[in-house]
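Engineer: Protein chains in written order, with the numbering used here: chain A, 8 to 130; chain B, 17 to 191; chain C, 350 to 733.
Sharing a structure with you now.
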Amino acid sequence: MLLSGLSSYIPVLVFMAISGAIGFLMLLIGRLWRPSHPYKEKLSPYECGIEPEGDAWERVIPRYYVYAMLFLAFDVEALFLFPWAIVFDKIGWFAFIEMVLFIIVLLIGLVYAWAKGALDWRY
Amino acid sequence: MVKLIFIILAGIGVIAALMVVSLKNVVHSAFCLIITLFCVGCIFVLLHAEFLAATQILIYVGAIMVLVIFALMLIDSRETANDRRFHHQSQWVIIVGVILALEIVIFIIPKSKFIVNPEKMIAQTAEAGGNTQLLARYLFTDYLFAFEFASLIILVAVVAAVFLGKRLSPTGKRE
Amino acid sequence: MLENLQRLIQLTIHLIVNKLVPLTHPWGWAFIKALIVVSLIMLAVTFVTLAERKLIGRMQIRHGPMRTGWHGILQPIADGIKLLCKECITPAEADKWVFLMAPIVSIAFAFVPLAVIPFAKTFFITDINIGLLFILAVSSVGFLGNIMAGWSSASKYSFLGSLRALALMISFEVPMVMSMVGVVVFTGSLSMVTIVESQAHWGWFILSQPMAFVIYVLCGIAETQRTPFDMMEDEGSLVCGFFTEYSGMRFALFSLAEYINMFLVAILATVLFLGGWQPPFVSWPLFGFLNAVPSVFWFSAKLLLFMFLYIWLRGTLPRVRYDQLMYLCWKILMPLALLNLMLTALFLASKMNILIFYLLNLLVVVIWLSIYAKTQAWVSANNQ
């Protein structure tokens, strides 16, 4: 009975199982057919034919982190827009004003980030 | 059926959560955390909280875990892999943890009221046209102030992100 | 002999359909529909790869594959067999388990969003309440397959490629989501079936949301890492991006996932902006007969048109630089998406004429681009 509301999710579950199984199956079929002759040079990381230099797991520049933080903030915002869009026609002008306020506050954030140069990708 | 799916999801989630705290490589821990958060999202679906489930997966798995992974790339995972797995205070932590858990089981759970009538709630949700519609209606009428306030909090987060990014930049100059 | 064979086949089908997978049970029916969708999409992917090579060849005044079969028609099958027989190399320093799981994660989460797509008037696997959000959520999990692959390969090119790709994908996700909200404001529902059906009432959303459509297409191309925005496969600097170390079937899974993601973007463009399975011009007089054509035809026609756009762009435009792409995302598309949303809300609340709305749209784009050009000029003048 509790399942009744969830019945539309059963196919999703089935689909997830199938798509996961396809990945496994394709790798399994490949494993049955393919040859395997590993040796040291073949297993070294590819660096255009030159001897690999240094460690791959190096520390990266923090700019990626800043972009991820900005993304997080704006993604939360974008998600808030969905419920607003759904009830928009029921609330009308009031909803419009609410959302304009919301968006303007976030535009201030964008303008701030822009003015501070956080959106410039410098090499 | 729902119970079976819940038990499977909760089991995977708890095992992955245990691996988060016990694995030596921090990046592996992050991947296990993704599994845990994903399972929590699926459990939200079982609770008919569809919008919350999508939010959980979109924000936590899709955004916060990306942030965590980028943060982990700032440190050298090889160095932390050689550290001791548990802190020397671990036995005290276990004792305190067990006491707190017992407290929850003995004192809090018997006195708390969980959803009184799930069928009624589900019917109410269905009447409103789904969980998202109901949530949206409340969000934009009764909890409007909280909603507008959320935008201010996000603004603060953006400012903080920009400021931190400036501090983090290797040259320290305008970045 | 032939009769026996026929009877055997009939018996097998009967056994499968009625005994093993009971059609009346929701699981069984979902299973069959899911199998149909998955196999059709895989078939489409194989032939789109061929079409891509042929079309790109023609655009560059050469023939493309010609040897296998008539005009190279069997090329994708030959490619598949070749990849199946290739050795799968696991680099010695790689993180074995993560390395193995990455392609499976990529492919699994690339397929799952297809579960809520209405492919035809009556054919969809399921219709859930939060369809659009479900697609966004699941495909955002799929991104993590990239970073798993890039990190676990223990190769600099893979690692850098995956970081770049991930940063790019998350950046373009935001304007993309915002452009979709423009459509949801009209429909008032996130269910994909409702979104398609409401376009019979509102007209295709490409007409009432032209700016959102352009933003969506640009973001979609960037999300799927296609030329001119293919930063992760920047051969000049990154060799092959995050799957540099992958070979054989594992590589095949990644490229399959990539093509399915392309299909997903095209399908979403079709469903959200181009009317889904609805035939064009039906509201006009004399065009009613178009309703007689099966709706799946219209769906696939629009889908293939969008796929052609992908290939066309790849054959025409050179790759842009990474920082230019980030400019485009954060400084042009983001504000435009927000402004489009406000304009759309104004349009719906005030019930203004659609021509005035178009004019406002155009005005906003022009004003925004001129402000942008001014600020860029100012910034570069200040830097010198």
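Backbone N, C-alpha and C fix where the C-beta goes; we use that ideal spot for every residue, glycine too.
Please read these numbers as outputs of a predicted model, since none were measured by experiment.
Within this structure, are the beta carbons of Leu481/C and Val533/C separated by less than 8 angstroms?
Structural biologist: Yes, they are a contact pair.
Engineer: Alpha carbon to alpha carbon, what distance is there between Val61/B and Glu436/C?
Structural biologist: C-alpha separation (whole angstroms): 41 angstroms.
Engineer: If I measure Cβ to Cβ from Gly569/C and keep anything under 6 angstroms in the same chain, skipping five residues before and after, which residues do I get?
Structural biologist: These residues qualify, in order along the chain: Val614.
Engineer: Going residue by residue through the region 100-179 of chain B, where are the continuous alpha helix (DSSP H) segments of at least 4 residues, counting only ones entirely within it?
Structural biologist: Counting whole runs of 4 or more residues, the region 100-179 of chain B contains the alpha helix (DSSP H) stretches 106-119, 134-143 and 147-157.
Engineer: Is Ile430/C buried or exposed, if buried means 16 or more other CB atoms sit within 10 Å of its CB?
Structural biologist: Label assigned to Ile430/C: exposed.
Engineer: Grab me the residues of Glu607/C's own chain with a C-beta within less than 6 angstroms of its C-beta, minus the 5 sequence neighbours each way, in chain order.
Structural biologist: Closer than 6 angstroms at Cβ, skipping near neighbours: no residue.
Engineer: Start and end of the alpha helix (DSSP H) containing Glu442/C?
Structural biologist: No alpha helix (DSSP H) contains Glu442/C, which DSSP labels as neither H nor E.
Engineer: Compare the Cα-Cα distances from Met23/A to each of Tyr676/C, Val566/C and Lys382/C and report the closest residue.
Structural biologist: Nearest option by C-alpha distance: Lys382/C.
Engineer: Just to make sure I have the definition right: I need the residues of chain A whose C-beta is within less than 9 angstroms of the C-beta of Trp376/C. Which are they?
Structural biologist: Within chain A, the residues near Trp376/C are Ile17, Pro18, Leu20 and Val21.
Engineer: For Phe468/C, does the three-state DSSP call read helix, strand or coil?
Structural biologist: Looking at Phe468/C - three-state DSSP - the assignment turns out to be coil, as it is neither helix nor strand.
Engineer: Report the three-state DSSP secondary structure of Phe60/B (helix, strand or coil).
Structural biologist: DSSP places Phe60/B in helix when its eight states are reduced to three.
Engineer: Does any residue of chain C bring its CB to less than 8 angstroms from the CB of Met8/A?
Structural biologist: In this prediction, Met8/A has a pLDDT of 33, which is less than 50 and means its spatial position is unreliable; nothing more can be read from the coordinates.
Engineer: Would you be able to state if there are at least three C-beta pairs under 8 angstroms between the region 638-652 of chain C and the region 589-606 of chain C?
Structural biologist: In short, these stretches do not touch, since the Cβ pair count stays below three.
Engineer: Assign Ile23/B to one of two classes, buried (16 or more other C-beta atoms within 10 Å of its C-beta) or exposed (fewer than that).
Structural biologist: Counting Cβ neighbours within 10 Å, Ile23/B comes out exposed, since fewer than 16 surround it.
Engineer: Does DSSP put Phe578/C in a helix, a strand or coil?
Structural biologist: Three-state DSSP puts Phe578/C in coil, outside helix and strand.
Engineer: Less than 8 angstroms between the C-beta atoms of Ala498/C and Ser507/C, yes or no?
Structural biologist: It is a contact, given that the beta carbons lie within the stated cut-off.
Engineer: Return the CA-CA distance between Gly188/B and Val172/B, expressed in angstroms with no decimal places.
Structural biologist: Legend: pLDDT at Gly188/B = 46, less than 50; position of this residue unreliable, value from coordinates given subsequently. So the two alpha carbons sit approximately 22 angstroms from each other.
Engineer: Can you tell me whether Glu401/C is buried or exposed? The criterion is at least 16 other CB atoms within 10 Å of its CB, across all chains shown.
Structural biologist: With 16 or more other Cβ atoms within 10 Å, it is buried.
Engineer: Name the DSSP bridge partner or partners of Ile473/C?
Structural biologist: Contrary to the premise, residue 473/C reads as Phe rather than Ile in this sequence. In the DSSP output, where bridge partners are listed per residue, Phe473/C has Pro467/C.
Engineer: The alpha helix (DSSP H) spanning Thr640/C covers which residue range?
Structural biologist: It is worth fixing the name first, because residue 640/C is Asn in this sequence and not Thr. It is not in any alpha helix (DSSP H) - Asn640/C carries neither H nor E in the DSSP assignment.
Engineer: Would you kindly work out how many angstroms separate the C-alpha atoms of Phe603/C and Met518/C, rounded to a whole number?
Structural biologist: Computed Cα separation, rounded: 16 angstroms.
Engineer: Threshold first: 4 residues or longer. Then list the alpha helix (DSSP H) segments lying entirely within the region 590-643 of chain C, N to C.
Structural biologist: Here the runs fully enclosed are 597-622.
Engineer: Can you find a CB in chain A that lies within less than 8 angstroms of the CB of Thr593/C?
Structural biologist: Closer than 8 angstroms to some Cβ of chain A, the Cβ of Thr593/C qualifies, so yes.
Engineer: Quick one, which of Phe89/A, Met106/A and Gly124/A has its alpha-carbon nearest Phe483/C's?
Structural biologist: Comparing Cα positions, the closest option is Phe89/A.
Engineer: Can you give, in chain order, each stretch of the alpha helix (DSSP H) that sits fully within the region 399-441 of chain C and has at least 4 residues?
Structural biologist: Within the region 399-441 of chain C, the complete alpha helix (DSSP H) runs of at least 4 residues are 424-434.
Engineer: Answer yes or no: do Leu662/C and Thr576/C have a C-beta to C-beta separation smaller than 8 angstroms?
Structural biologist: For Leu662/C and Thr576/C, yes; Cβs fall inside 8 angstroms.
Engineer: Considering just the uninterrupted stretch of the alpha helix (DSSP H) at Gly37/A, what are its terminal residues?
Structural biologist: Here the alpha helix (DSSP H) through Gly37/A covers Ile17 to Trp40.
Engineer: Checking 8 angstroms against the spacing of the C-beta atoms, do Val454/C and Leu493/C come in under that value?
Structural biologist: Yes, the Cβ-Cβ distance between Val454/C and Leu493/C is below 8 angstroms.
Engineer: Looking only at its own chain, which residues have a Cβ that is under 8 angstroms from the Cβ of Lys680/C, when we skip the five neighbours before and after it?
Structural biologist: Correct list, in chain order: Tyr721.
Engineer: With a cut-off of 8 angstroms, does the C-beta of Leu74/B fall near any C-beta of chain C?
Structural biologist: Output row for Leu74/B: interface = yes.
Engineer: From Ala618/C to Ala469/C, what does the alpha carbon distance come to, in whole angstroms?
Structural biologist: Roughly 15 angstroms separates the two Cα atoms.
Engineer: Report the residues of the region 94-123 of chain A with a CB closer than 7 angstroms to any CB of chain C, ordered along the chain.
Structural biologist: Result list: Phe95, Asp96, Gly99, Trp100, Phe103, Met106, Val107, Ile110, Leu114, Leu117 and Trp121.
Engineer: Give the residues of chain B in contact with Val545/C, contact being defined as C-beta atoms less than 9 angstroms apart.
Structural biologist: By Cβ distance, chain B contributes nothing, its closest Cβ being about 18 angstroms from Val545/C, past 9 angstroms.
Engineer: Against Gly90/B, what residues of chain A qualify as contacts under a CB-to-CB distance less than 8 angstroms, listed in chain order?
Structural biologist: Per the sequence shown, the amino acid found at residue 90/B is Leu instead of Gly. Chain A residues near Leu90/B: Arg66, Val67, Pro69 and Tyr72.
Engineer: At 8 angstroms on the CB atoms, spell out the chain A contacts of Gly181/B, in chain order.
Structural biologist: By Cβ distance, chain A contributes Pro69, Arg70, Tyr72, Val73, Met76 and Ala125.
Engineer: Tell me whether the beta-carbon of Ser440/C lies closer than 8 angstroms to the beta-carbon of Ser43/A.
Structural biologist: Reading the sequence as shown, one finds Pro at residue 440/C and not Ser. In this structure, Ser43/A does not lie closer than 8 angstroms to Pro440/C by Cβ.
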